[in-house]
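Following: one structure in C-alpha cells, then a few remarks.
As C-alpha cells, this is what we get:
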C-alpha cells in the first residue's frame, strides 16, 4: 500500500514512502516545489513555462499515485539510481497552490486567453463565412427549378393483414403489411378483401410511412374503375386492376443503419411469399380458373425503399422470379447518401457488386436478373434530401434492362420535384399508373409482359421520344388507310418546301396536303412536324390527321380490301390517285405549349403535338399526308418540313475557359429549320450552372405561330428540361458528378449538354443565343454534392491543431489554447497540406484521364458480355472528380473548414464559460464558502478509483451486449463537456497556468470528440427509434468494445484530473504521426468512408491513454489495490479536515 501511494516502483526506498505518507492525506508541505500540472522542472524553470524554454528534467521528477491527484516530490538530492527512468514526464491535477510561487508565475507569465484571436485567424474566418454564406444563399435562391405539383384527393382505407404474423416472419411485431382499398370504388368486405388484379408492393423510404403509397394506389383504383374496365380491348389483352400492398417499416431509418436495411429486405421477401399465397388460395373469391396464379409482384420503392427492393433479390430467402419489375423514386442507387455506418457502405457494395456481376454474364442462364427491369426516377434539383446524381443506374444496369429518368423529362409531367412530393404529385402518379396498366398481362404467370415489351412501355411513358434509344412504331405498323385523291390535285408541295398552316377548315371539306419524301440517296434528312392540335387516331372524325403513304397498289395483286379504312377526298371525280397509308398518332411526342401567355412547362394547357422521324424510318413511303378534316373554320396552326442535319445542328468546341471569359454567342440565321440543335460537349459537369438568353425575333406582318420553346437535355441520365416562351433560362444539369462510379459505356455516351430550340421558321428572321457561366448560381451546386465534406474536412484542421499543441507541449510544457495552435497552423502546416492535396487532386485527374481508352474500357452492354476491368472506386478520393478544372475546390473547402473549426471552437468556449459561470453561481448558493484551504474540491469527489473502474467496466459490458458503442460515445462526450466546465471553473478561480494547461488539453480533446459525434449520432438515433417501437433485439453489429474503450478510458482519466505527461523521447513522433494519419484520411476518404474517422480517432485516443498509463506506473497490482482502497486516505474522499464550514 505504501509503495502505491508513493508512486515508486523501488521497494528499497523506505525514506520515500515516509515522505509521501502525510502528503496522501493533507497534501504536500508548504515548501513543495512540485505543483499540479507542472512538468518535471525546478522552481526557476517553472516560471519560464510560457517563455518557450526547455525544462530541466534532470533535476526534479514528479510522480503520482491514484485518484487522489496528489503530487509527490522527489528531492533533487536523491541519487539517480533511485529514480524511475521513463520517457514520460508526469503531471497530476491537484488544485493545491503555493501562493509564493503562484505570485511569481503571475508576475512573469499570465495564462493565455482562450478567447484570443489573431488577425490572420479572424480574416480567414471572415472569408470562410462569406464563402459558406455564398454557397448556402446560392443554394436557397439561385438556379431553383420551378415545381408544379397538384395535390391529389383520395379516400383511403388500409386493411392490415393480420394473418402475416410470427408464423411467417420474425419481424411481425416490428413491421406490418397493409392492403389499400379506395373507399367508394373498390369492393371489399371482411370475408373478401377484393383481390382481383395484379399484386403491387409499395416500400417506403428512410423514416417513411406506408401511407405515402396511397396516392399511387388511389389513382390505380380510379383509373381502372373509370377507364380500363370499359375498354374491352385492354381487358382481352390481359389488363386487370392493381392490388396495392404497402409495407409498414414503422418509420425505420434504413439509410443510417445497414443491418436495418437487410432486416427490411428479409421482411419483404417473406411478405412477397405471403402475398402470392393469398392469390394461390383456391377458395379465393373471384378467382378465375382460366388464368394462372400470380408468381411475381411489382415493387415500387420510394427513396431507400428502392434500395430495399434491389436488396430483396440478393437475399438468401428470395424466391426466384418473384420480382421482375422494380420502379424506384428518388432512390440513391449509385452510392449511400451518408457513409457514417460501416454496414451501410458494406451492404451497398455487396448489392451493387451482385447486380454488376449478374449483368456481366454472357449467357442469360447465368444471369439471375435477366428478366428483371429496373427504372430509377429522380426529382432533380428540388430534392434536398438525396442528390439526384446518386439515382443513376449507368454503372449497374444495361439499357436493355433499365434506365434513369428525371420527372422533368416525363411527358405531361415536365416539372422537378422534391424528395417527398415525388410520392404524391398528381401528374406524376398518373403517368406511373398508366405505364403499369400497359405492362400488366394476367394471361402470363408473372402477371407482366416480357422484358423487352416492358422496356418499350417504360420508354414510351417516361422518355420524351426524341432520345436515341426511343422506339418508333411506324416501321412496324401495318397499312390501315386507303387515301383517294384527285389526279389534278395541287396539294402536293414541291420537294423541300415547308408546309405552314395558320388555320383549319377553310374549305369546310377535308383536304390533304402532301409532302414528298426525299429519295433514299439524300442523307442527313429529318422530318419534323409541330402543331397545337391533337392528332386523330384512325377512324376518328376529328380535326387533323397525319398519314405516311405509299402509292397503291404496292405490288401487283394487292386489293384495297386489306385496308380497313377508306378516306376518299377525290370528290367523286373520274380520275383519282390512291395511296396506302399508316397513321402516325402512336409516335406523337407531346411538347409543352409555348405561347405568349405561357409561364411554365407544367401549365395546365393542351400540349403541342410533335412528330420527328429520320429519313431511314420513312424509306418505304413516298408522301407525308397532312389531312385537314375540320368541317368549319377554326383556329390552329401546323408546321411540317424535311430539313438537313447540317442546317439544324450546331456543334460547338468552346471550352470552359473561354466560356468563363467571353461566354458563348450564337447567331441563328433567318433561313433555318423549325428545330435547331446546339451541342456543347465541354459542358458536362453538374457543378456548374449557366444563364442562357434567347433574343427576340421579329415576325413581320404575320404574328408568330408560337413563341420559342427550348429543351435542355443530356443523354445519360435521361434529363430534359423545357422552357416555354423562353427569353432567359437557368441552366443546370445532373451530368458528371463527384464521387459517382463510372459506367461501362462511358466512351460511347455523348457527353455534354445539348439544346433544342423550336422557333417559328415563317418569321424569316435571325435569332441570337447567349450562354454565360452563372458563377454565383454555381456555388449552390456545391451544397448537395459536397455536404459531407463540411463534416469530414474540418477533422483535418483539428488533427493538425492538436498535433501542433502536443508538439509545443512536449517541447516546452505549455499546452497552448486551441485558437493559438490554429493560428500557428495557419502560418505553415495547413497551407502546406492543402497545397499538397491540390497537386494530388490535379495529378489524379491527369492520370485517370489516360484510363479512358475506348479499346480498354468500352464494353457492349447491349450484348451483356462485360468482363469489366473498370475500377468503380476510382472517384472515391478527395473531391471525387477527375476534372482538373475544379482544383480550386480544395483550397476553398479548406478555407471553409478552417472557418468552421474556428467558429465551433469559440462557440464551445462560450458554452463552457456560460456553464462554468452558472455552476459557480449554483455552488455559491449552496452555502459553502472556502476557508483557509485555497484548493477546490476534487472534480468528482464522490467517486473512488474503484467506483470509476467499476462504472467503466459496467458501461463496456453494456456495450458488448445491449447498447451500441455509439451510445457510450455520446455519454463520453457529455462527460467530457462536464470535465471542461469544471476544469475551467477551477482555472478561473486559481488563475494558475498549470490548470489552464489542463483546461486547454481537455478542451481540445472535446473539440475532437465533437467533430466525430456526427459519425455516431445517426446509428444512435436508429437504436433509440427501435426502443421507441418496442423492438428489443440488439444490433448484430456496433458492439465492438474496442471501438469505444479508448474514449471511455481517456475521458475517465481526464475526469480524475490527470494531465497527460510530456513525451520527451522519440515516442513523441508517434503522436504527430497519428494526427497526420487522421488528417490525411479525412481529406482523402473522409467523404466516401466517413465511418472510419471514428476508428482512426479511436486509435489516436488509445495512444493518448497509453501515454497516460505509462507515466502512472500502471500494473495489475496497482489495479487490484485500487479495489482495496478508495485512494483518498483514511478519511475518505470527502474529508476536508476542517477547511470549509457551512454558513448559518
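Residue numbers (full-length UniProt numbering): 1 to 1144.
Note that the Cβ used here is the ideal one computed from N, Cα and C, for glycine as well.
Whole-number beta carbon distance between residue 701 and residue 763, since they are thought to touch under 8 Å: Actually they do not touch by this definition, with Cβ atoms about 10 Å apart.
At least three beta-carbon pairs within less than 8 Å, the stretch 317-328 to the stretch 268-286: Output reads yes: the stretch 268-286 touches the stretch 317-328.
Presumed contact (8 Å Cβ cut-off) between residue 796 and residue 715, rounded CB distance: Contact between residue 796 and residue 715 fails: their C-beta atoms lie close to 38 Å from each other, not under 8 Å.
The alpha helix (DSSP H) enclosing residue 343, as first and last residue numbers: Residue 343 -> alpha helix (DSSP H) spans 342-359.
Range of the contiguous alpha helix (DSSP H) that encloses residue 1060: First-last for residue 1060: undefined, no H or E at that position.
First through last residue of the beta strand (DSSP E) which encompasses residue 304: Run containing residue 304: none in the beta strand (DSSP E); it sits in the alpha helix (DSSP H), 304-312.
Selected residue, minimal CA-CA separation from residue 553, among 530, 526, 581: Nearest of 530, 526, 581 to residue 553, Cα basis: 581.
Outcome for residue 140 when other beta-carbon atoms lying within 10 angstroms are tallied against a minimum of 16: The residue in question, residue 140, is exposed, as its Cβ has fewer than 16 Cβ neighbours within 10 Å.
Residues that residue 567 bridges to, as DSSP identifies them: Note: residue 567 sits in a beta bridge opposite 483.
The stretch 1061-1076 / the stretch 802-812 touching (three or more Cβ pairs under 8 Å): Short answer: they touch.
Chain C within 8 Å of residue 164, Cβ atoms only: No chain C appears in this structure, which consists of one protein chain only.
Contact check, residue 593 vs residue 722, beta carbons under 8 Å: Cβ distance not < 8 Å, so residue 593 and residue 722 don't count as in contact.
Per-residue DSSP class, three states only, for residue 549: Looking at residue 549 - three-state DSSP - the assignment turns out to be strand.
Stretch-stretch touch, CB-based, cutoff 8 Å, three pairs: the stretch 332-352 with the stretch 249-257: The stretch 332-352 is in contact with the stretch 249-257.
Whole-angstrom distance between residue 1085 and residue 621, CA atom to CA atom: Approximately 59 Å between the Cα atoms of the pair.
Residues near residue 530 in its chain [Cβ-Cβ closer than 7 Å; skip 5 each side]: For residue 530, where only same-chain residues beyond five positions count, the Cβ hits under 7 Å are 608, 610, 639, 674, 758.
Whole beta strand (DSSP E) elements within the stretch 434-461, 3-residue minimum: Listed in chain order, there is nothing to give.
Extent of the continuous alpha helix (DSSP H) to which residue 280 belongs: Per DSSP, residue 280 belongs to the alpha helix (DSSP H) from 258-280.
Backbone secondary structure at residue 493 - three-state DSSP: Looking at residue 493 - three-state DSSP - the assignment turns out to be coil, as it is neither helix nor strand.
Extent of the continuous beta strand (DSSP E) to which residue 513 belongs: Note, residue 513: beta strand (DSSP E), 511-516.
Three or more C-beta pairs below 8 Å linking the stretch 1017-1034 and the stretch 990-1009: Contact fails: fewer than three Cβ-Cβ distances are below 8 Å.
Per-residue DSSP class, three states only, for residue 199: Three-state result, residue 199: strand.
Where residue 190 sits in the DSSP three-state scheme: If DSSP states are grouped into helix, strand and coil, residue 190 belongs with coil.
Nonlocal neighbours in the same chain, by C-beta distance under 7 Å from residue 617, ignoring five residues either side: Closer than 7 Å at Cβ, skipping near neighbours: 472, 474, 475.
Per-residue DSSP class, three states only, for residue 651: Per DSSP, reduced to three states, the secondary structure at residue 651 is strand.
Identity of the residue in 180, 496, 719 nearest residue 145 by Cα: Each of 180, 496, 719 was checked against the Cα of residue 145, and the nearest Cα belongs to 719.
Limits of the beta strand (DSSP E) - the one that residue 721 falls within: Membership of residue 721 in the beta strand (DSSP E) is indicated by the continuous run 719-723.
CA-to-CA distance, residue 262 to residue 537, given in whole angstroms: Computed Cα separation, rounded: 49 Å.
Length of the line joining the Cα atoms of residue 225 and residue 187: Inter-residue distance for residue 225 and residue 187 is about 11 Å (C-alpha atoms, whole angstroms).
Exposure of residue 363, with buried meaning 16 or more beta-carbon neighbours within 10 Å: Exposed, since its Cβ has fewer than 16 Cβ neighbours within 10 Å.
Run of the alpha helix (DSSP H) containing residue 785, from where it starts to where it stops: Run containing residue 785: 781-785, per the alpha helix (DSSP H) assignment.
Per-residue burial, residue 918 [other beta carbons within 10 Å of its own, 16 or more giving buried]: In summary, residue 918 is exposed, with fewer than 16 beta-carbon neighbours lying within 10 Å of its beta-carbon over all protein chains present.
Straight-line Cα distance separating residue 1066 from residue 834: Rounded to the nearest whole angstrom, the C-alpha separation of residue 834 and residue 1066 is 27 Å.
Segment contact, 8 Å Cβ cut-off, at least three pairs: the stretch 433-442 with the stretch 225-243: Touching, per the Cβ criterion.
Whole-number beta carbon distance between residue 201 and residue 275, since they are thought to touch under 8 Å: The Cβ separation is near 7 Å, so the contact holds.
Proximal residues to residue 315 (C-beta, below 7 Å), its chain only, five neighbours per side dropped: Only residues of its own chain outside the window of five on either side were considered, and among them 265, 266, 269 have a CB closer than 7 Å to the CB of residue 315, listed in chain order.
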